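Note sheet for the following structure.
In our numbering, the protein residues as written are 1 to 436.
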């Protein structure tokens, strides 16, 4: 398990100690009847119960679940006053861990002093019992939980959710917001989130985190377990940065490809597959840097390489589907995030538009370099909702015959099929050779 992550979590709970909570059988039964209790729930108690809580912090909850006990790790995100006598805490993203009862933690503690402290802090056996741990005991418990590989998912999830522990890169932040906007335009209600999340190490993607604001975080490749939104059910999950959502007769697949074979093959980091209209649209994100009152992207060799891969074999025009633009490749330019920036500010242009623009005098900087900016484009670009509306309606993206073939190729590459990667790269190289 990532030692740096565990060190940061251990330091975190020393500043904001762990909370132990136990639900009795009756309350546990009520809790499990809640539709999204594991996603987010609240507890109300007299002010004195929560008085010394330092939030946000982590909690361990023991519940009775179908004739057995189960323990969960979650985030206590905030506290609020709801009356003259009572306060309320919000608990999010409960994920089951390896132990069944909180009492099992005692045996995992090696230090006799820690065992004694734990004995004093064990929650009582009543409807809802809550106990605040010491700094040292909190640190020790995180460390012993980290010794069991079965707790990796829960700990990685808490690491991702804890404010300030894990910083998003600007590109991943932008990608995350792109996915959130797409889900919104396609009718996915963003007020509900996945019931549980399992994080996997090693590959970054904007699909992998879920929070209360937009229900999408940036972290490692994710495997959603029982993921569903209001009237929108997740019907497939993989560990390759792919998520499929379905609502009524509409179906949307989102792939995140950054730094994966899919990006190396296709030259993009986000792919939308609209199963209903049978169109595929692919996007590469680029960051804009502030330059006075303008925001600028300076073209580099990396983009040249990506554009060189943004090619598809010629396709026969479909007779039963209309496309304003059948080229699926688009570039999204995003203002680099600042401390005050809450939402993505961006514009989107088609690949053909980009190629045309960089040949015009407007694209030339003071030193002759090629750049693209808000001012230079003078409003000639797509905004996010407009762009996603075109995807949803099927007005842009591949024709049906391309869709059917490309869908298989994308899925195979996303799964890590090396033969598919090589075959696709060979085809693109052949097309490049023919054009030279």
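Note that the Cβ used here is the ideal one computed from N, Cα and C, for glycine as well. Every value quoted in this text rests on a predicted model; they were computed, and no experiment measured them.
Residue i by DSSP, collapsed to three states: which one?
i, result
"residue 70", "strand"
"residue 46", "strand"
"residue 305", "helix"
"residue 463", "In this structure the chain extends from 1 to 436, so residue 463 is not present and cannot be described."
"residue 31", "helix"
"residue 76", "strand"
"residue 398", "coil"
"residue 41", "strand"
"residue 106", "helix"
"residue 364", "strand"
"residue 135", "helix"
"residue 347", "strand"
"residue 326", "coil"
"residue 385", "helix"
"residue 246", "strand"
"residue 130", "strand"
"residue 428", "helix"
Nearest by alpha-carbon distance to residue i: which of the options is it?
i, options, result
"residue 161", "313, 114 and 56", "56"
"residue 392", "246, 364 and 424", "246"
"residue 142", "419, 68, 24 and 19", "19"
"residue 331", "320, 353 and 321", "353"
"residue 375", "367, 357 and 390", "357"
"residue 43", "108, 81, 151 and 278", "81"
"residue 156", "95, 382, 366 and 122", "95"
"residue 309", "144, 389 and 428", "428"
"residue 411", "134, 48, 86 and 244", "244"
"residue 165", "9, 77 and 295", "9"
"residue 388", "252, 59, 102 and 366", "252"
"residue 282", "390, 268 and 103", "268"
"residue 307", "296, 326 and 284", "284"
Spatial neighbours of residue i within its chain, please: C-beta separation below 6 Å, excluding the five flanking residues on both sides.
i, result
"residue 413", "261, 262, 265, 420 and 421"
"residue 280", "273, 328, 397, 398, 403 and 406"
"residue 303", "none"
"residue 61", "21 and 72"
"residue 106", "115 and 118"
"residue 151", "97, 98 and 145"
"residue 313", "none"
"residue 41", "91"
"residue 299", "370"
Determine which residues share a DSSP beta bridge with residue i and list them.
i, result
"residue 284", "331"
"residue 294", "291"
"residue 63", "70"
"residue 274", "252 and 279"
"residue 373", "296"
"residue 26", "According to DSSP, which records beta bridges pairwise, residue 26 is partnered with nothing at all."
"residue 113", "In the DSSP output, where bridge partners are listed per residue, residue 113 has none listed."
"residue 96", "72"
"residue 86", "46"
"residue 422", "Paired residue(s): none; residue 422 is not in a bridge."
State the CB to CB distance for the pair residue i and residue j, rounded to an integer number of angstroms; the pair is presumed to be in contact (CB under 8 Å).
i, j, result
"residue 349", "residue 382", "7 Å"
"residue 132", "residue 17", "6 Å"
"residue 50", "residue 79", "5 Å"
Apart from the five residues just before and just after residue i, which ones in its own chain have a Cβ nearer than 7 Å to its Cβ?
i, result
"residue 25", "64"
"residue 126", "24"
"residue 424", "265, 409 and 413"
Starting from the C-beta of residue i, find all residues in its chain whose C-beta is less than 8 Å away, skip the five residues before and the five after it, and write them out in chain order.
i, result
"residue 75", "56, 57, 58, 59, 91, 92, 93, 158, 161 and 162"
Does residue i come within less than 8 Å of chain D when only Cβ atoms are used?
i, result
"residue 324", "This model lacks chain D altogether; it includes just one protein chain."
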